[in-house]
Amino acid sequence: MTKIEFFFNVPDKLAKVADLCSRAVVKGRKLTVFTPDDAISMRIQEMLWQHSPTSFLPSACPKAPDENDAPILLDKDGEHLLQDDILINLKVGHPPFFSRFKYLVELVGVDEEDKASARARYKFYRDRGYQIKSTDESAT
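Residue numbers (this note's numbering): 4 to 143.
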């Protein structure tokens, strides 16, 4: 069953994505970041390339020539899933294909609109019997 973790009160979701990707790639994990649109995908890709002064985190978008080699896939549609390890959701709703992944990460910002949509996703997962871990980023 998919393990789900919510990170609440995240001041900068894209920076958190880069941090999570960095930690996962070091451990040999593969990730799909489910993004709202191409603009967000490109912003994340830029952050990943500049995440560390001494290295970069290779990423690709679906159907790119290097998509099979990149440990991080930035996908806005979810129609070209290449792995089933870690999924980071940046969309308002739950990803319809989340259950194929071993681990789902939900990032929740500090604004009330984002928190309201996260509550709906949390309830959706909980009502289906998923165990959910919650981490409050404002406490760290």
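Glycine included, each C-beta is placed from N, C-alpha and C at the ideal position.
Predicted model, so just to flag it, every value in this text is computed and none were measured.
Less than 7 angstroms between the C-beta atoms of residue i and residue j, yes or no?
i, j, result
"Leu76", "Thr35", "yes"
"Leu90", "Leu107", "yes"
"His97", "Arg131", "no"
Roughly how many angstroms separate the alpha carbons of residue i and residue j, rounded to a whole number?
i, j, result
"His83", "Asp114", "31 angstroms"
"Ser62", "Leu17", "14 angstroms"
Identify, in the order they occur along the chain, each residue of the same chain with its Cβ nearer than 6 angstroms to the Cβ of residue i, setting aside the five sequence neighbours on each side.
i, result
"Pro65", "Asp78, His83"
"Ser2", "Because residue 2 is not part of the residues shown, which for the chain are 4 to 143, the question remains open."
With a threshold of 16 other CB atoms inside 10 Å of the CB of residue i, please say whether the residue is buried or exposed.
i, result
"Asn92", "buried"
"Glu49", "exposed"
"Ser141", "exposed"
Rounded C-beta distance between residue i and residue j? I'm assuming under 8 angstroms.
i, j, result
"Val29", "Pro74", "The pair is not a contact, with the Cβ atoms about 10 angstroms apart (cut-off 8 angstroms)."
"Lys126", "Glu8", "No, Lys126 and Glu8 are not in contact; Cβ-Cβ is about 16 angstroms, not under 8 angstroms."
"Asp88", "Lys105", "6 angstroms"
"Lys94", "Phe37", "6 angstroms"
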